[in-house]
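J.: Pasting in a structure now, in structure tokens, and then I'll have a few things to ask.
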Amino acid sequence: MGLIRFFIYLYIWILIIDAVLSYLPQFRNATWAKKIRDISDISCKPIRGLMPKGLPFDFSPLVVIIALQLLVVLF
Numbered sequence: 546m547g548l549i550r551f552f553i554y555l556y557i558w559i560l561i562i563d564a565v566l567s568y569l570p571q572f573r574n575a576t577w578a579k580k581i582r583d584i585s586d587i588s589c590k591p592i593r594g595l596m597p598k599g600l601p602f603d604f605s606p607l608v609v610i611i612a613l614q615l616l617v618v619l620f
């Protein structure tokens, strides 16, 4: 169970890093930043499809982080 929690927390940190990088345009084309974006989009894209269009802020990472935290607490 400890290994699963480790990977959940690692993924949460990847989501946080991706959210911070989205505000830093100088890193947008960096290879490592694109890989972080690809990893975080696995869970964020389906949530973005459910969110209303035109929101000024992308809340999908926040929704995914809350869901992952619930997973940790419940199991």
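Read left to right, the sequence shown gives residues 546 to 620 (this note's numbering).
Think of the CB as a built atom: it goes at the ideal place given N, C-alpha and C, for glycine as much as any other residue.
Among the candidates Asn574, Ser567, Phe602 and Cys589, whose CA atom is the shortest distance from the CA of Tyr556?
T.: When only C-alpha atoms are compared, the closest one is Cys589.
J.: Expressed to the nearest angstrom, what Euclidean distance is found between the alpha-carbon atoms of Ala612 and Gln571?
T.: Each residue's Cα considered, the two are about 30 Å apart.
J.: CA-CA distance, Ala578 and Val608?
T.: Whole-angstrom Cα-Cα distance: 21 Å.
J.: Return yes when the Cβ of Ile581 is within less than 8 Å of the Cβ of Leu569, no when it is not.
T.: Cβ distance not < 8 Å, so Leu569 and Ile581 don't count as in contact.
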